[in-house]
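Residue numbers (our numbering), protein chains in the order written: chain L, 1 to 427; chain H, 1 to 107.
All residues carry an ideal CB built from backbone N, CA and C; glycine is no exception.
Bear in mind that the values here come from a model prediction, so they are computed numbers and not experimental data.
One structure below.
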Amino acid sequence: MRAHIATLVLLAATPLAMLRPMRKPMLLAYPIFTFIVAAFSGEYHIKILGKFGVSLKFDRDSKIFMIAVSVSFLMIILENLEKEQSFKETFLILTSLLTLSAMFMSFDLFNIYVLTEVLSIQAGLMAIDKKDKRTLWATLKYLIVSGTGASLYLVGIAMVYQKFGDFSLSNPIDPLPGAFITTGLLMRAGTFGLGMWLPQFHSSVSDKLSALFSGSFIGGTILPLWRMEHFANLTAVSTVAPYLAILGSIVPLISKSYKRILAGSTMVHITSMLSIGNPAAYFMSHAVSKTFLFLRSSDVKRDEISIPNMVALLVATSSLSGFPFTLGGFAEGLFHSPILFIGTIISSTPLFSRISKVKSKGWNFSPVSIFPLLLLYPYFSLKSLLSSLAILGIFLKIRNDRVLFLERIEWNVAFSLAFLAGVILFF
Amino acid sequence: MTASLAMILVGMMGITLNKNIFVKILAVEVMNVGTVLLYVSMSYSPSSKPPIFTGEVAYADPVPQAVIITAIVIGFSILSLSVSIVSLLVEKVKREDSDDMERMMKG
């Protein structure tokens, strides 16, 4: 079955979630079915309803992004399976998975706009489930930024339409519309805009939504932007991305909260993914590790975690930091700019520092802790070794000096080591 | 087209400069309406007729008008959701100023 037909069939079946006994089986079946469809469907590129209809491209990247998102959704669903699921919650989770799948197949600029807006509404509705003032304020900021970003994006694609007469993603995009499109999409992904809303959003919403947002929803920005860069020659992305990576790496440095550190590192990873030749492996590593790290944030806040979960936490963090023998290390091997290594080093060190304070105790096992083991990958490169040594070097220096990293940062040590690693990697 | 770009700029100014949270939401909508106007003006030319087929004459391009209907509907749903959230928030914190709200959330 073709992937878009499977997505439509699943969408048509979502009202079944109104029946209470169907909710849990559906929550488990949807990501598994999406995974199977993504893995076994053949590649294709079609236009439905002629020149102005919908253009779909299901290629290798769509497959990997869909697989990553289905694994990430499955982790979240398994973690929350014991809880009672409401219809609204079930419906929003299922439809957001399908929206993302559709996004990974979309190959026209207007369709991408529609799907990103649908995803914003779904995220907004999921976020306000927890009706405290912080969550409402963070969600409102998200909606304002995403509304502004949507208007800028529409202005950009209007310019493309005026020049080429259609919204196809294969038209070469000029710098001016490219700037509008890039700004619009990156604002929605949370790399900048309205007081850098992403860290506040993560620290205010539930762990489940943070995991969904950081692990999966950002894929809805990464793949379209990367495709524009690749097929439509959108150079604005790769030009601006490394500098945004450095900007994003400041957030984990100045944050005390674990979720804010993770949110800051998401900003770095979004921009890093956009700067490399192919973001698929990086996204897979990011989706699985970020989902797990956010799902375990309540354990980290308590400073106590079971030993199997601690092992999984260390594997996820290592992959996120690009250590050798992990999928993240393989993805980091694709980095061209030393700025990206510096961004990763600066954003990963606070994460190690925070996790090192958590005590492991007991052997409580959760099925979700198996998933980070998927990130172990037999790949070794000098680049990832140097980058990981820089992270461990800064981390150990801080520990040995007994300086509490999050309260008093040794800026000189951190930056000089990161700079040194960057220079070595550059040459 | 000039009017639409002016509306987009006014909307952006409203979002960035105005502190009232209701005005911010309205500014997003002004920006959205500016974009709709841009699409409508883009397909218009003085010699063209409305895109209703009555014979061989020059028609206004119907595609931008057709696609922007989707944007209007989506914009309306985001506006409704935002207004609901603002109402709930203002009821809880008894403030409408975004700076005050930001301070309260940090404190």
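- Query: Are the beta-carbon atoms belonging to L/L27 and L/T95 less than 9 Å from one another?
  - Reply: Here residue 27 of chain L refers to the residue found at position 27 of the first sequence. Here residue 95 of chain L refers to the residue found at position 95 of the first sequence. No, the pair does not count as a contact, with Cβ atoms beyond the cut-off.
- Query: Around the Cβ of L/P242, are there at least 16 other Cβ atoms within 10 angstroms (buried) or fewer (exposed)?
  - Reply: Numbered from 1 along the first sequence, position 242 holds the residue referred to as residue 242 of chain L. Counting Cβ neighbours within 10 Å, L/P242 comes out buried, since at least 16 surround it.
- Query: By a C-beta neighbour count over all protein chains shown, 10 Å radius and 16 as the cutoff for buried, is L/W363 buried or exposed?
  - Reply: As a first step, residue 363 of chain L is located in the first sequence; it is residue number 363 there, counting from the start. Exposed, because fewer than 16 other Cβ atoms sit within 10 Å of the Cβ of L/W363.
- Task: For L/L406, I'd like the list of residues in its chain whose CB is within less than 6 Å of its CB, leaving aside the five on either flank, ordered along the chain.
- Result: Residue 406 of chain L sits at position 406 when you count from the first residue of the first sequence. Low per-residue confidence applies at L/L406: pLDDT is 45, beneath 50, and the placement is therefore not dependable, though the value from the model is reported in the following sentence. If we look at L/L406 and ignore the five residues flanking it on each side, its Cβ neighbours are K256.
- Query: When we look at the beta-carbon of L/E89 and count the other beta-carbons within 10 Å, is it buried (16 or more) or exposed?
  - Reply: Within the first sequence, the letter at position 89 stands for residue 89 of chain L. Buried, since its Cβ has 16 or more Cβ neighbours within 10 Å.
- Would you report the Cα separation of H/L5 and L/I173, rounded to the nearest angstrom? Locating residue 5 of chain H in the second sequence gives position 5, where the first residue counts as 1. Locating residue 173 of chain L in the first sequence gives position 173, where the first residue counts as 1. Going from the Cα of H/L5 to the Cα of L/I173 covers about 20 Å.
- Query: If we call anything under 9 Å between Cβ atoms a contact, is L/S337 one with L/T326?
  - Reply: Position 337 of the first sequence, counted from the start, is the residue given in the question as residue 337 of chain L. Position 326 of the first sequence, counted from the start, is the residue given in the question as residue 326 of chain L. Their beta carbons are not under 9 Å apart, which means L/S337 does not touch L/T326 by this criterion.
- Item | Span of the beta strand (DSSP E) around L/I342 | As a first step, residue 342 of chain L is located in the first sequence; it is residue number 342 there, counting from the start. That residue, L/I342, is in no beta strand (DSSP E); its alpha helix (DSSP H) goes P338 to I355.
- What residues from the region 138 to 166 of chain L come within 7 Å of chain H, judged by C-beta to C-beta, listed N to C? T139, L140, L143, I144, G147, T148, S151, L154, V155, A158, Y161 and Q162
- Looking at the structure shown, is L/V205 part of a helix, part of a strand, or coil, going by DSSP? Counting from one through the first sequence, the residue named residue 205 of chain L turns up at place 205. In this structure, L/V205 counts as coil in the three-state DSSP scheme.
- Straight-line CA distance for H/E91 to H/F22? Position 91 of the second sequence, counted from the first residue, corresponds to residue 91 of chain H. Position 22 of the second sequence, counted from the first residue, corresponds to residue 22 of chain H. The straight-line gap from Cα to Cα measures roughly 13 Å.
- Message: I'd like to know if the region 332 to 352 of chain L and the region 258 to 266 of chain L are in contact, where contact means that at least 3 CB-CB pairs between them fall below 8 Å.
- Response: yes
- Message: Along the chain, where does the alpha helix (DSSP H) containing L/S55 start, and where does it finish?
- Response: Numbered from its first residue, the first sequence carries residue 55 of chain L at position 55. It is not in any alpha helix (DSSP H) - L/S55 instead sits in the beta strand (DSSP E) that spans V54 to F58.
- Query: Is the region 204 to 223 of chain L touching the region 281 to 291 of chain L, taking contact as three or more C-beta pairs under 8 Å?
  - Reply: yes
- Beta-carbon proximity of L/A38 to L/A13, cut-off 9 Å: The residue given as residue 38 of chain L occupies position 38 in the first sequence. The residue given as residue 13 of chain L occupies position 13 in the first sequence. Not closer than 9 Å, so no.
- Query: Between the region 167 to 184 of chain L and the region 222 to 234 of chain L, do at least 3 Cβ pairs fall closer than 8 Å?
  - Reply: yes
- Item | L/P177 to L/M105 span [Cα, whole Å] | As a first step, residue 177 of chain L is located in the first sequence; it is residue number 177 there, counting from the start. As a first step, residue 105 of chain L is located in the first sequence; it is residue number 105 there, counting from the start. Each residue's alpha carbon lies about 23 Å from the other.
- Query: Tell me which same chain residues have a C-beta within less than 8 Å of the C-beta of L/F343, skipping the five on either side of it?
  - Reply: Against the first sequence, residue 343 of chain L aligns to sequence position 343. Position check: residue 343 of chain L holds Gly in this sequence, whereas Phe was assumed. Closer than 8 Å at Cβ, skipping near neighbours: P242, A245, I246, G248, S249, V268, T271 and S272.
- Is the region 219 to 229 of chain L touching the region 156 to 168 of chain L in the sense that three or more CB pairs, one from each, lie closer than 8 Å? no
- Query: Mind checking if L/I128 is an interface residue toward chain H, Cβ cutoff 9 Å exclusive?
  - Reply: Taking the first residue of the first sequence as 1, we reach residue 128 of chain L at position 128. With 9 Å as the cut-off, L/I128 counts as an interface residue toward chain H.
- Message: If we define contact as Cβ-Cβ less than 9 Å, is H/I8 a contact residue for chain L?
- Response: Start at 1 with the first residue of the second sequence, and residue 8 of chain H comes out as number 8. Output row for H/I8: interface = yes.
- Determine whether the Cβ of H/P64 lies closer than 9 Å to any Cβ atom of chain L. Translated into the one-based positions of the second sequence, residue 64 of chain H becomes position 64. Yes - at least one Cβ of chain L is within 9 Å of the one on H/P64.
- Got a sec: is the Cβ-Cβ distance from H/K24 to anything in chain L below 9 Å? The residue labelled residue 24 of chain H in the question sits at position 24 within the second sequence. True, the Cβ-Cβ gap to chain L drops below 9 Å.
- Query: When you check each C-beta in the region 79 to 94 of chain H against every C-beta of chain L, which residues fall closer than 7 Å?
  - Reply: L81, S82, I85, V86, L88, L89, K92 and V93
- Would you call the region 308 to 318 of chain L and the region 350 to 358 of chain L touching, i.e. three or more CB-CB distances under 8 Å? yes
- Message: Given a cut-off of 9 Å on the beta-carbon distance, is the pair L/F52 and H/V28 in contact?
- Response: If you number the first sequence from 1, residue 52 of chain L lands on position 52. If you number the second sequence from 1, residue 28 of chain H lands on position 28. Against a cut-off of 9 Å, the Cβ pair of H/V28 and L/F52 comes out as no contact.
- Task: For chain L, find out if any of its Cβ atoms is closer than 9 Å to the Cβ of H/A3; answer yes or no.
- Result: Numbered from its first residue, the second sequence carries residue 3 of chain H at position 3. It does not: the Cβ of H/A3 has no partner Cβ on chain L nearer than 9 Å.
- Query: Which residue's Cα is closest to the Cα of L/D207: L/I5, L/R296 and L/M187?
  - Reply: Taking the first residue of the first sequence as 1, we reach residue 207 of chain L at position 207. Among L/I5, L/R296 and L/M187, the Cα nearest to that of L/D207 belongs to L/R296.
- Item | Spatially closest choice to L/S202 from L/I32, L/G393, L/M126 and L/F87, by CA coordinates | Locating residue 202 of chain L in the first sequence gives position 202, where the first residue counts as 1. The sequence given here has His at residue 202 of chain L, not Ser. If we check each option's Cα against that of L/H202, L/M126 comes out closest.
- Item | Contact list for L/G124 against chain H, beta-carbon separation under 7 Å | Position 124 of the first sequence, counted from the start, is the residue given in the question as residue 124 of chain L. Chain H residues near L/G124: L81.
- Query: Hey, would you say L/S275 sits closer than 9 Å to L/F335, going by beta carbons?
  - Reply: Mapped onto the first sequence, residue 275 of chain L falls at position 275. Mapped onto the first sequence, residue 335 of chain L falls at position 335. Closer than 9 Å, so yes.
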